[in-house]
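Only one structure is covered here, and it is reproduced in the block below.
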Amino acid sequence: MKKVILSALFLLVIQVANAFTLHALRVEYEENPIGIDTTSPRFSWQMCDTKRGARQTAYQLWVTNPAGKQVWNSGKVMSNTSLSIRYAGEKLHPTTRYQWTIAVWNGANEVQKASAYFETGLMTTSDSDAKWGGAQWIGASTADAYTFFSQYLPVFSMDVSLMLDQETHTQEAGFFYGANDIRLLNANKNILGVANKPNESYIKVVLNTRPLDQHDSARIEIYRVGYTRNDQASVPFATAKVPTSVINQANRYAPHSIQLLSMHGTTQVYVDDAAEKVIADLNLNPMGKGGDYISFPCVGDVGLYVEKGKRAHFGVANIRNYRSPNNVIATFANDTTIVASTPFTTPCEHGAPLLRTCFALNDKPIAHARLYISARGIYDCYVNGTLLSRDYFNPGCTQYNKTLFYQTYDITPLLTKGQNALGIMLNEGWWSGASTFAGENWNFYGDRQSVLAQAIITYADGTTTRVVSSPDTWRYTTEGPVRLGSFFQGEVYNALQEAAVQGWSTAAFDDHTWKNAVQIPLEGTISHAQPSGFFAWPTPDNYADFKLMAQVGKPVRHFTTLPSQRVDQPRPGVFVYDMGQNMAGVPRITFQGLAPGTKVYMRYAEVTYPNLPEYQANVGMVMMENQRGAMEQDIYIAKGGTETFSPRATYHGYRYVEITGIPAPLPTHQVEGWVLSTVDSIASGYKTNHELLNRFFKNVTWSTLANVLSIPTDCPQRNERMGWSGDLSVFSPAMSYLFNGANFFKRHLIALRDTQLDNGNFAAIAPVGGGFGGPLWASVGIIMPWQTYLQYADKEALAAHYPAMQRFIHLQTTKYIDAKQGFYNFTDGIGLGDWLGFEVNKNDNSLLFDCYLVHELDIMAQAAKALGHANDAQRYAQMRDKRIQFINHHYINRATGRTEGSGLGEEKPNPFGGMDGPKRKGVAIGAQTSYALPLVFHIVSPDVRHRFVDAFLQTVRRESTGDDGKTYPSHALMTGFIGTAWLNQALSECGHSEEAYKMLLNTRFPSWLYPVTQGATTIWERLNSYTKENGFGGNNSMNSFNHYAFGSVTNWLMQHSLGIARDETTPGFQHFILQPTPDPTGTLTHAEGFYDSMYGRIESQWEQTTHETHYHFVVPANTSATLWLSTAGGKAIYLDGKQVDKTTKGVVLGSAIRDKQSLNLPAGSYDFVVK
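Residues -19 to -1, 1 to 1152 (mature numbering (1 follows the signal peptide of the UniProt record, and there is no 0)) are what the sequence shown spells out, left to right.
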C-alpha cells in the first residue's frame, strides 16, 4: 500500500512539473493597468510549456466587477489565439477595477487558470467634462508665473523706455545685459580663452544722440565686452544709424523706447516701437550664429547706463519672452532716474512653482483612492510628504493642442484619517522653455505651467470625497529649492531653500506666506505666431480637436544605475568622471562636508577633447560644442552635511560629467549615472564570437534606451531631441525587436496624425510638426503602423491610422507624380535623400522617392487586405505595379543592369545632396542605395535581375570614390540613413549573404564597426564622428554620439543572421520564420540570440565547425515556425542525432528551394546538425 501511495505521489509530482503555466497577462499590452479609457479592452497572455507541440486549443475569459458580478463570460472558445482578445461584455464603468480570469486548455485537454486586473480611467476626452469634478487648470499668478534664471536664458527680448535729460544735456544713455556670465568668469567653462573678473563682461546698448549736433543721425551703439580677448570697452562692436524720422533734434529729449530681440546671439534692435524699422541686425555670439553653437549671450546680470555726470530717466525696463505673447518675466527699472550707471544686478528670478492643498477625510474606512492628474509642463506629485511616483517627466510629450495624457495613481496607502495634503511641483518639460534647435520655438506650446488634478477617495460604504485643483483651495510659492528645471539648459537647485519649504506637501505645513493659486487660461499664455521661414514651424494654438486622454504607453523611468569608472583632473579643480558608457539620464551625486552656500557646477558631455594638436588647449576637458544651444549644466548650491543631488526636471545625454566648485575630487562610488528611458526591458539579444560585433549590438541597445524617452528622439544631448521621422522610418523595424513597443508605437502614431498636414503629408518631426525631410522622412507614417501590426498584431492601431495613410498616399500619387511624364516630382521644398551617406551626390532622389512609393503602396495593399478593404487592396496593388513598370523602364539600363538617370523633367540639385529632379538620360547613378532599394522592394524585373545584382555587387566589392573625392576600400558602407537600413537585406535576399557579412564585419572606414574600433559605446550620427587620428574632423557642432539611425542593420541581424523573422501572413509571431544565415566567410563561427515576442521567447543559435553546422532553436508554446536550413553541398539535416526525413516525428518536412530545405516546427526546443 505504501508503495502505491509513493508511486501516485511520484506521478503527481511529474504531472505538476510538466503542467503548463500562464503568465504575462496583459490588457491593452500592459500588465495590471490602471486608468485605461478604452470601452472594449483587449486581453492577451502567454502559455509557458517546454514540451514539444505545446499549444492552446481553447480559452475562456471571465470578467467581474468590484461586487463580484460577472460582466463578461466568453464561453469556451476553440482557438489558439492568445493575443488581442477583445472584451465583449457589459458596458464598463469609469474609475472601476475589474478582475479577469483566463482559463486555457492544452492539447491534452488539461486546463490552467490565472487572474489579473485592469482599471478604467475617467473615460472622457474633455477636460471640462463633469467626470473631472470641476477641476481647473491652475498655477502661479502673473506676478511670478514665469520660472526664470537669468544665467540660463539665451532667447529673450527686452524693452527699455528712456528719456535723456535736457537740463544736463545728456546725449547718450542705455542699458546693460549679459553681464557676469558665469561661463566667462572661469577659463574652465569656455573655449574662448577668457577668464573675466566680476563686472568685466557685458553687452551694452547705447542710444547716442551726439551726432545730431553734427547734422547727422543718432546712433544705436552696441558694445560687447569680455566675450572674447579682442572685445574693447571703448569701441562699439556695432553701430547703426537711427533714421531722423524716428529721432531728431526736435524730439531727442522726448521719451524713446528701445526694443531688443536676442535669439542665441542673433540680435535685432528697434527704436520707438517701429517694428518695421530694424535699426540694427547683428550676431553677438562669438561661437557662431544661430542655435547650432554654444549660445551667448544669456540675460545674465543687467544694469542701466548714462554718460558720466549726466542724468537720464527710465520709464520701464522689461525682460520678456521672445515668443509671443511676449509676456514680461522680469523688470529692472520702473520710473527710475539715474545720475550714474547702476551696478550690475541679477533681475528678479522665480523658481519652479510649488502648489499645495489640504483636505479632511471622514473617519471611516477607505476602500480605495485614486488621483487623476495632468499638466501643461511636467509635474512631480507628493501625498502627505511622499513622492507619489518614481516616474519622470509626466504627462510626457505629445502634440499638446491635440492630445494630452493624464495619469492615474493609487494613493490609498498614502492617506490617513483627518487632515491630508497634496503637493505638486511644476517644471517646463516640453510645454515651455527650450524646444527644438530653433530659438524662436522657446515656449513653443505656452509660457506658463499649470496642473489639472482630481483625487477621488471612496469609502467602504460607497460614499466619496473629491479633491480638485481649484484657485479657491490651492496655494503656491515659487521660492522652493528648484530654481529652474530645463531639458536643454539643466537644473538649478538651491538646497539652502529647502528649509523654508520643509514639509510643504504635508498637512502640518504653515503656508500663510504662500499665495492663492490662479486659473491659467490658454489665451494670453500660448502663441499665435504664424508659420514663417524655411522650417515653417506650425502654430499649435488650435484646440478645437483637443483630447485629454488616459496615458498610452509607459512613462520615463529609472532603467539602471551606472557607477562612474574613473575620475581625471585635466586642470586644477576640474574633475571629470567617466561613466564608461554614453547614456541618457541624470546624475546621482553624494556630497559630504561642503560649506553651506557652496556652488557646485556639473557639465555633461559625450566626449572629451583628445590629445591631438588641434585641441591642445583643451585636452581632457569635456567637449560641449556638440551640445550646441543646449547649456547642459546643472548647478547645486549646498546646504552642508551629507547631501545628494539627483535632478528630476532635466535630463542629459552624456558619458562624462565634469564637476567643479568642490575642493577635492569625490570618490567614484559617489558619482552615479541614473539611466532614464521609456524602455523597461530589452527584448532581444545577439552574441557572437566577434567581440566588436557584440559591442556594436550593445551600442544599438544603448542608443535605443537613450532615444526612446517619451518620444522617439534623434539624439538625447543637443538642442534637438526631437521625433525626426526619417530616423524612425529606417530604425522602427529594428526598434520593434529591441523592446515591447506596442503602445509606444501606438502613441507615436497619434503624434503623426496630430501633426499631419492639411494636404495629407506627414510632418518631418512629430510631435511639434514642421521641419524638413520630404518623402523619405514622411514614409514613417506608412511604415510604422504596418510595423506595429506585424510585430504586435495591433490591428486596432493600424485601423485607426489607415485613413491618415490613405490621405498621404493620395498626395503622393496625385501631386507628386508628374502629370505629363510620370516621374516622381517632389515640389514641396527640400526632400532629403540618403542623408549623411558618403556618395549621396551620386543619387537621383527621384528614384529613391519612387522606390519608397512602391514600398508604401505595397504596404497599403497589404494593410487594406488585413483590414478587409478588398477594393482598396486591389487598387493600391495596381498602383504599385504601375510604378514598378515605370522604374524598370526609366531608371534601369536593361543591357547593363545599372541604375541611371531617366532624363525626365528638370535637373534640380538638392542643397543637402543628390538630385531632386531626375538626372539626364543615361547618366549613371551607381550608388549602393540606388540598387538596394529596387532589390529589397522587389521592383527589378526578372529578365534584368541577374545583371542588376551583378551591378549591385560591383558597388559593394569595388573601391568607391566618395563625394569628398577620397577613395574608400571594398565593402565600404557608402550609404546614408536610408540605404543603410536596406543594404544587407538586399544582399541576403539576392543570395549574397557572404557580401552582407563582409559589409557587417568590415572595420575600415566607413563601416558599422569602425566607430566601435574608435571607442564608441553608442551608435553615432556620423560614422566618423570621432577618429583617433583626426578627432572630430571639423564636425565639432553638428555631431551627435548617440543617434540610432545607423544601427538599423540590427533588423538584418535579427531576421537574417539569427533568422528570427516575421511571417507577414500571421502577425504577432504566433507563426514565424526561422531562417538563420551562418556566415559563409567563416569569420563568424557562432551566433546566438533571442527575441521576446508577444507569445514568448524565441531563441536561435548556430555554430559552424569545419564540416558541420549546429543549430539550436526554441519555439515558444502555442506558436509554430517554418525553419529554412541550408543543405548546400549535398548535406543532410539531423535532429536529435537522426537524419530528418518524412518519417521524423514532431516536425514536418516541407518544400525545398534550391539548396534550402524547409521544416515546419511546432513549439519546443530543437537541436539540429547539418553535415
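From the three backbone atoms N, C-alpha and C, an ideal C-beta is built for every residue, glycine too.
State buried or exposed for residue i, treating a residue as buried only when at least 16 other CB atoms are found within 10 Å of its CB.
i	result
Phe515	exposed
Ser355	buried
Met59	exposed
Asn740	exposed
Gln(-5)	Because the pLDDT at Gln(-5) is just 42, under 50, the model does not fix this residue reliably, and the value given afterwards should be weighed accordingly. Result: exposed.
Tyr381	buried
Asp1117	exposed
His919	exposed
Ala747	buried
Distance check for residue j and residue i, CA to CA, integer angstroms please.
i	j	result
Val1095	Ala745	40 Å
Met1075	Gly886	48 Å
Leu6	Phe24	8 Å
Met605	Ala759	32 Å
Glu12	Trp26	10 Å
Asp799	Ala785	23 Å
Thr736	Ala419	18 Å
Asn721	Pro553	47 Å
Leu145	Arg292	7 Å
Lys846	Asp853	8 Å
Val186	Glu202	6 Å
Arg337	Thr446	17 Å
Leu817	Glu1010	21 Å
Gln966	Val309	56 Å
Val930	Trp1083	28 Å
Gly707	Thr77	41 Å
Met703	Val749	8 Å
Leu(-14)	His671	Per-residue confidence for Leu(-14) stands at a pLDDT of 42, beneath the threshold of 50, marking its modelled position as unreliable; the derived number appears in the next sentence. Those two C-alpha atoms are separated by around 52 Å.
His871	His973	26 Å
Identify the continuous alpha helix (DSSP H) that holds residue i and give its terminal residues.
i	result
Ala436	Premise fails: Ala436 lies in the beta strand (DSSP E), Ser431 to Tyr440, not in any alpha helix (DSSP H).
Lys679	Glu672 to Asn688
His729	Ala723 to Asp735
Arg926	Pro923 to Arg938
His782	Lys776 to Thr795
Val835	Asn826 to Ala847
What is the residue span of the beta strand (DSSP E) that residue i lies within?
i	result
Arg205	Ala199 to Val206
Ala619	Note, Ala619: premise wrong, no beta strand (DSSP E); not H, not E.
Ala48	Unbroken run through Ala48: none, as it is neither H nor E.
Leu263	Val259 to Asn264
Lys57	Element bounds for Lys57: n/a, residue is neither H nor E.
Ser974	Ser974 -> not in any beta strand (DSSP E); alpha helix (DSSP H) instead, spanning Ser974 to Leu982.
Trp86	Arg78 to Asn87
What are the residues that DSSP puts in a beta bridge with residue i?
i	result
Lys1119	Leu1116
Gly1012	Thr1008
Asp1073	Arg1078
Ala456	The sequence shown places Arg at residue 456, not Ala. Arg456 is bridged to Arg337 and Asn497.
Thr880	Ile873
Met716	For Met716, which the question treats as bridged, DSSP gives no partner whatsoever.
Phe1149	Tyr1092 and Leu1116
Glu472	Gly466
Asn315	Val297
Pro693	Val689
Quiz item: How do the stretch 90 to 100 and the stretch 468 to 488 stand: do at least 3 beta-carbon pairs fall below 8 Å, yes or no?
Solution: The answer is no - the stretch 468 to 488 does not touch the stretch 90 to 100, with fewer than three Cβ pairs under 8 Å.
Quiz item: Are the stretch 625 to 644 and the stretch 694 to 703 in contact at 8 Å, needing three or more beta carbon pairs?
Solution: Touching, per the Cβ criterion.
Practice problem: Determine, using beta-carbon pairs with one atom in the stretch 1061 to 1071 and one in the stretch 762 to 771, whether at least three such pairs fall under 8 Å. | Solution: Output reads no: the stretch 762 to 771 does not touch the stretch 1061 to 1071.
Practice problem: Indicate whether the contact test is met: 3 or more Cβ pairs, each with one atom in the stretch 323 to 337 and one in the stretch 618 to 628, closer than 8 Å. | Solution: In short, these stretches do not touch, since the Cβ pair count stays below three.
Quiz item: Is the stretch 557 to 573 touching the stretch 128 to 144, taking contact as three or more C-beta pairs under 8 Å?
Solution: With a cut-off of 8 Å, the stretch 128 to 144 and the stretch 557 to 573 do not count as touching, because too few Cβ pairs lie within range.
Quiz item: Is there contact here, the stretch 280 to 294 with the stretch 137 to 157, by at least three beta-carbon pairs under 8 Å?
Solution: Yes, since at least three Cβ pairs between the stretch 280 to 294 and the stretch 137 to 157 fall closer than 8 Å, the two stretches touch.
Quiz item: Okay, do the stretch 1021 to 1040 and the stretch 714 to 732 touch, 3+ Cβ pairs below 8 Å being the bar?
Solution: Three or more beta-carbon pairs separated by less than 8 Å link the stretch 1021 to 1040 to the stretch 714 to 732, which places the two stretches in contact.
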